[in-house]
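Q: Chains as they are written, first to last, in my numbering: chain A, 2 to 506; chain B, 130 to 641; chain Y, 404 to 482; chain P, 7 to 236.
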Amino acid sequence: MTVFAGHLPVFLIALPLLAVPLLYLIDRLGANSRNVALLFYALMALAAGVPWLPGFPAEVVAEIGGWPADIGIELRLDALARLFLPVVGVIGLLGTVAADPGEATGPFYPLSFLLLAGSNGLILTNDLFNAYVFLEITSISSYALVGFRRDTRGFESGFKYIVVGSLASVLLLWGIAGLYAVSGTLAFSRFAAALPAVPGRAAVAAAVLVVVGLLTKLGIAPFHAWKADALAGAPRSVAATLAGATVSAYFVVLVRVLTTVPGGIGFGLRPATGGFFMRLSAYVSEFVAAGIPGMLILLSGASIIVGHLTALRQTRLSRLLAYSSVAHFGYIIAGVAVGTVPALAGAFLHAVHHAFMKAGLFLFIPLAADSAERDRITSLTCGRTAPALVGSAMIFLTMGMVGIPPAAGFASKWILVLETARAGAPFAAILIALGGAIALVYYLRLSLAAVGRTRSSSPRRSPADVRVFAAFLVCAGYVFVAFWATDLLAGIAISVAETTLGGGG
Amino acid sequence: MSSAQFSNAVAATVRSPLLDSGGLLVAATIAAFSLLAFAFVAAGVRRRFWWWVAASVHVAAGVLLPFTRDLLSFFVLWEMVTLGAVGVLAFEPDARRLLRLYLPLQLLAAALLMSAFGAHYGVSGSLLLPVQGLEAGAGVALAALSIKAAVIPVHLWMTRTYTAVRPETAVVLSAVATKIGVFGMYRLISGGPTLEIAGGAVAVVGVIYALRQKQLRHFLAFHIVSQVGYMIAGVGSTVAFAGAGGLFHLANNVVYKGLLFMVVVMLISRFGHSNIYRMNGAGRSMPVLAVVAVVASASISGLPPFNGYVSKTVIEQFLSSPVAVALLRIAGVGTAISFTKFLWYCFFKRAEPRGAGREDTCDEIVGDNAHSVPARSRPAGGGVAVDGRPAAHASARRRIAIAVILSLACVVMGLAAVAIFPALPADAAVTLESFRFGLVPPAIGVLLFALAYSRLRPALERLPSATLYTRPLSTGATRLLRALQEQHSGDVRRYLGWILMGLIVIWAVVIL
Amino acid sequence: MMLNVSVALLCAFLLLVAVYVVVARSVLAAIISMGVFSMLVTAVFVVLRAPDVAVTEAVIGAGLITAFFVIALDKTSEQ
Amino acid sequence: MKRTTAALIVTVLVVLAGFAASELPSEAERAEPVNHAIRSLADTGAVNAVSAVLFDYRAFDTLGEATVIITTAMIVAFLAPQARASMLSVRMSGIVLYGVVLLLPFIAVFGLAIMLYGHISPGGGFTGGVVLSTSAVLYAVVYSAGGQQSYVLAPATNKMIENVAMTAFLAVGFFGMAASGAFLANAATGIGLGTPGSLLSAGTIPLLNVISGLKVGVGLAIIIISLFLE
């Protein structure tokens, strides 16, 4: 067990990479590679769950090439990785399973394995530059997957994604170089020791670059504008994977950066006193004085406002969902920036819930739109497979997105509101709470439009439909089960947050 | 918050509900009234199964809300009340338009409440229902509760919804929606003289706006605003007896306001319109209804043997601010004028000839008549024909019976007030003495109506609408959204510009 | 000292070329100048005693990237 | 307007970056590179410290970088379907045709040399691979002009080489894992580092050099040829 555990991080990255030549070989032999790919993907998703088995060590460190972290690269399967590996694996699997077989030709499955390898690498690596490399693998394969339909919209989306993503990568690389120049190390676990507790100008500037690069990848206002354009042109299954799995991997890197680089999170705001405007200005000045975390709080506020308000006027479902993602990552970043253990736990919980909810809603599009091109809200119907079930599952997912009780999104949002308010960022709390109000307006519009009509034409039941349907139901089921398991999940998230904050300091 | 806290919060409510007399009173009243209201609805019209489910959720959440011990369950039930109402409204013929107004305001309230709870939790570290009011975020919570209670600048959702839904729906909704806002104030806010005066002011302004209405349902809706003012003055007071009075007023209001809505439903279904001035002396053709209406009006105006008298007296007696008391007295007179007008025009006076007086000048919603007549092809003078079912005299009789039961309840609640609600002061009962003082304000009201109403009416109708601020607000919002849309129009150069500018700002702030 | 001066000179020249790349009217001229830019960077790396990076920069920056851009220019200006 | 805004943004960025960078430690304050070079010779047997870093200490990054190139090659080949050569419709003159044939062996040998001597002298798999790819590209460009397509290696073969190289890289990694417990281990596997400076020294580094050189070279050849022949 221990030997295997020590190798697991490597396997989680190397095996998906190995799948690429393997699939090529199978293709050359003339066999149908899809089923093999799906099976292999399912195995990888299962492997991602292995760290949860009893008896698995709490933290596994795999030193690549046998070199320690200050000179080589190490992979670290810690609590944070353990939480997000299954999320990435399962959602990636759902997205791959739900892919339209007509579209999923050529290098589709190899690319999805590269996406998985990159995401797993992002989550596991303890090395900033190595994270950059995996980020590139992830990004490049997602650029291609976004434009995979090879139609004008797809190419346009892919192009915009590439341009903005490249800028983000450049900023990131610049920041990584800066951090290395200042600290002489690239390992997350060494930054704290290598940098002074009050970091200098250069270190902070470099850290800002890294953070901004990651925020751009995540889509936080004002770095978010590409998101809807990119996701709107992507095949739906790909959009589900990107919005659920890949983003989670980026998020993990952001958390690692913020918890290890001095000047990161955990700054402790104090409640201000005085009249409203005095208080407001005191808060703002305190945020500014708080450096990066303070900026993150302000950015998260901007994301929530901009994301939700922009989503209000969208006519296409994929764009609406993309902007809603912007807002939800605003919530999550607010929790992260506050940096107390429970707030961070709330952020993790919300990230996990959001991944499933958003992936589910993206999978709703192929069920509800009458063609791949059209996802206008007004032309959606509640689907061709088992309409009542699809409709109710969709409403349930939207309830989760809004944060209404019997769906999982409520619990995490509730925790986020309480804890941001508690930690001295009540404006973030108010915005998170208000965000739900705006969200319900557009999600209700969506629900009324989609559920109000069932398709009149004859139902077309294809195997692909059944698969999309199954993947969609898994997401909805998760959102349902997770609400009733809030206790368990919150407990896990809290322990993860504790180790994340404790280990980084 | 830890997971243990989270589960405890839920479990606490389920295992050990909070049983105090105030909560019991409110819950019991809502439950009892809602049963009658359901029967009332069922007597006349056929509603879909899911309508009943939604309405039941709405009412059940309202009934459970007083028993919660912690803020989490409070919030959840609060949301359930809203969602139930959304479900009910979704079955209305004009659901989209209704929800467009109803939802944002309700959700704003929910969001504000949630963040207020967050602030309280932040300061106190506990999610249990606070004994002394919220320790932090009370202002935000008050804003949320005011929206729910339909206090005057944010009353819009209530007046517009209650006047645009099918009339029976308003009967069901009137029992819970605004009331839990007031009840929330009772539970969450530790008030003071400011809140008392604010309540008094709301009562007066509500009455003034009610006086100028000519559609029955607008008239009742603005009276809800006014009555909520009374309740706020009561529960917002720090004096315990005033709080009890406020709660008792809440319970009374559920009964007599529901009763008034029922009367209005029957009037509308009888006459096919809801213009007060064209009811054509319904008292002659519907004598029982007239008696019921008199009882309800007397109750709301605070006439002695009825329940409204008791609660109003208790509130006025124990308020700490004399200004608030004065305001409530004025509102009382206004209520009396208003309901004298109601009774006079609807039941006793013959109709004004059509075209006399300016039609439809001061109603908040232009299209009221279209909605107050549910079935397009209603036979003139016939009975109820909602959802295409022919009216039956039996159903009308059943409805009258329900109304009579409720008017009896008004009397019983007035006479046995202390027995029903022990938190009231012991001398709150109706005595002979009370007739001497209690009759004075209504008498003034009647007198003023007789002498001055015809002169007052044009002046009232010239008042600016209470929804003066909505148009600039909505244009501003539209403009903002359009500008946002502009920024996301697909121009990559603009996206890159935003990224770099964001970077510059953050850098400037962080390193300079 | 000598090293610093030469690096500074090269860097100044780099800056000039970079500005020219941005403001050049002809796209082809801009692409070629980018090649020049890469060669200058190569020189800087050589001066800074980083021959590995210099070789890579020469091959990729000056050769490959320029080729890519020329291809792209050709493909796009054809229509 | 737009130009002014852009210029303004860039200027402010440069100023801020310069301000931040002014605090970077100077070269004198850092003695690590020297230490690295000395240490790397002992650790890996590679004279060229850069190669030691690229193919031993941080071989995992190299694996990732090579994967990036493979990914890109895969994407470009997929997104830009091969059509008739449309770019160079002119026929090349005889001088060019023969010149290229004469030149090709030299380019290839130069690329191979850079690749094989990567652990001894400046260069390495990446650079060598790029040089190698230029020979393939040159041939394809020159001889595909005028309509017919001819390559040094057929596209299918290119893809095959690419996948084999990918597998080989991972196989080296798993070999390290099997032999010493660490993925991509070199000296720890006990294969012997040899005499520093000789061609067969530094353990797996030359092997990885060749593998990644093939990967990069073939990948870039696929990319450029696909773009040309789109």
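From the three backbone atoms N, C-alpha and C, an ideal C-beta is built for every residue, glycine too.
Predicted, not measured: the structure shown is a model, and the values here were computed from it.
When burial is assigned at 16 or more other CB atoms within 10 Å of the CB, is A/D152 buried or exposed?
A: By the neighbour-count rule (16 or more Cβ atoms within 10 Å), A/D152 is not buried but exposed.
Q: Could you run through the segment 220 to 238 of chain A and flag, in chain order, every residue whose CB is less than 7 Å away from some CB of chain D?
A: No chain D is present in this structure, whose protein chains are A, B, Y and P.
Q: Determine the closest residue to B/T464 out of B/Y406, B/V421, B/Y582 and B/I549, with distance taken between C-alpha atoms.
A: Nearest C-alpha to B/T464: B/Y582.
Q: Helix or strand or just coil, what does DSSP make of B/L257?
A: Here B/L257 sits in strand by DSSP.
Q: Report the rounded CA-to-CA distance for B/L274 versus P/G70, giving the unit in angstroms.
A: Distance between the alpha carbons of B/L274 and P/G70: 57 Å.
Q: Is the CB of A/R423 under 8 Å away from at least one CB in chain B?
A: Taking Cβ atoms only, chain B reaches closer than 8 Å to A/R423, which makes this a yes.
Q: What residues match up with B/D199 in a beta bridge as DSSP calls it?
A: The partner list for B/D199 (beta bridge, DSSP) reads B/L257.
Q: Would the beta-carbon of B/G254 be found less than 7 Å away from any heavy atom of the ligand ATP?
A: The ligand ATP is not part of this structure, which contains no ligands at all.
Q: State whether the segment 222 to 240 of chain A contacts the segment 178 to 198 of chain A, with contact taken as three or more CB pairs (one from each stretch) at a distance under 8 Å.
A: No: the two stretches stay apart, fewer than three of their Cβ pairs being nearer than 8 Å.
Q: Tell me which residues share the same chain as Y/F471 and place their Cβ nearer than 7 Å to its Cβ, disregarding the 5 neighbours each side in the sequence.
A: The answer is none, since no qualifying residue turns up.
Q: Who pairs with B/L344 in a beta bridge, going by DSSP?
A: A small fix is needed here, since residue 344 of chain B is Gln in this sequence, not Leu. B/Q344 pairs with B/N404.
Q: For a test of the three-state rule: what should DSSP assign to Y/A453, helix, strand or coil?
A: DSSP places Y/A453 in coil when its eight states are reduced to three.
Q: DSSP state of A/L78, grouped into three classes?
A: Residue state, collapsed to three classes: strand.
Q: Relative to the C-alpha of B/R176, which residue among B/V217, B/I159, B/G191 and B/V186 is closest?
A: Selected option, being the one with the closest Cα: B/V217.
Q: CA-CA distance, B/A530 and B/V300?
A: Straight-line Cα distance between these residues: approximately 16 Å.
Q: Could you tell me whether the Cβ of P/M172 comes closer than 8 Å to any Cβ of chain A?
A: Yes, P/M172 counts as interfacial toward chain A.
Q: Quick one: measure Cβ to Cβ for P/L199 and P/G100, integer angstroms, because I've assumed they're closer than 8 Å.
A: Wrong, their Cβ atoms sit about 50 Å apart, outside the cutoff.
Q: Residues of the segment 198 to 222 of chain A with a CB closer than 7 Å to any CB of chain P: list them in chain order, please.
A: Within the segment 198 to 222 of chain A, the qualifying residues are G201, R202, A203 and A206.
Q: Alpha carbon to alpha carbon, how far is P/V16 from P/M172?
A: P/V16 and P/M172: Cα-Cα distance of roughly 40 Å.
Q: Quick one, which of B/S467, B/P593, B/A293 and B/A460 has its alpha-carbon nearest B/I326's?
A: Looking at the Cα atoms, B/A460 is the closest of the given residues.
Q: Using the Cβ count rule (16 or more neighbours within 10 Å means buried), how would you classify A/W485?
A: Classification of A/W485: exposed, given that the 10 Å Cβ count is below 16.
Q: Is the distance from the Cβ of A/L216 to the Cβ of A/L300 below 8 Å?
A: In this structure, A/L300 lies closer than 8 Å to A/L216 by Cβ.
Q: Spatial neighbours of A/V4 within its chain, please: C-beta separation below 6 Å, excluding the five flanking residues on both sides.
A: Nothing meets the Cβ criterion.
Q: For a contact defined as C-beta to C-beta under 8 Å, what are the partners of Y/G466 on chain P?
A: What Y/G466 touches in chain P: V136 and T140.
Q: Measuring only between beta-carbons, confirm whether B/E615 sits less than 8 Å from chain A.
A: Chain A, which has no Cβ nearer than 8 Å to the Cβ of B/E615, makes this no.
Q: Give every residue of the same chain whose Cβ lies closer than 6 Å to the Cβ of P/L22, excluding the five residues on either side of it in the sequence, and list them in chain order.
A: Hits under 6 Å: none found.
Q: Tell me, please, whether the CB atom of Y/A470 is closer than 8 Å to any CB atom in chain P?
A: Chain P, which has a Cβ nearer than 8 Å to the Cβ of Y/A470, makes this yes.
Q: Which word fits B/V454, buried or exposed, when buried means at least 16 other C-beta atoms lie within 10 angstroms of its C-beta?
A: Buried: at least 16 other Cβ atoms inside 10 Å.
Q: Skipping 5 residues on each side, what residues in its chain have a beta carbon closer than 8 Å to that of P/F175?
A: Closer than 8 Å at the Cβ level, and outside the excluded window around P/F175, lie L69, A72, L214, I217, S218 and K221.
Q: Taking a cut of 7 Å between CB atoms, which residues from the segment 289 to 307 of chain A lie near chain B?
A: Answer set for the segment 289 to 307 of chain A: V289, G292, I293, M296 and V307.
Q: For A/R191 and A/T261, what's the separation of their Cα atoms in angstroms?
A: Their backbone Cα atoms lie some 8 Å apart in a straight line.
Q: Find the nearest neighbour of A/A303 within the set A/A483, A/A429, A/L447 and A/L24, judged by alpha-carbon distance.
A: Comparing Cα positions, the closest option is A/A429.
Q: Give me the Cα-Cα distance between B/V634 and A/G31, rounded to the nearest whole angstrom.
A: Roughly 56 Å between the two C-alpha positions.
Q: Quick one: which chain Y residues come within Cβ less than 7 Å of P/P212?
A: Chain Y residues near P/P212: none, gap ~16 Å exceeds 7 Å.
Q: Between the Cα of P/V53 and the Cα atoms of P/F25, P/S204 and P/T78, which residue gives the shortest distance?
A: P/V53 has its Cα closest to that of P/S204, out of P/F25, P/S204 and P/T78.
Q: Measuring CB atoms only, is the segment 88 to 96 of chain A touching the segment 236 to 244 of chain A, in the sense that at least three cross pairs come out at less than 8 Å?
A: The segment 88 to 96 of chain A, when compared against the segment 236 to 244 of chain A, does touch it at the 8 Å Cβ threshold.
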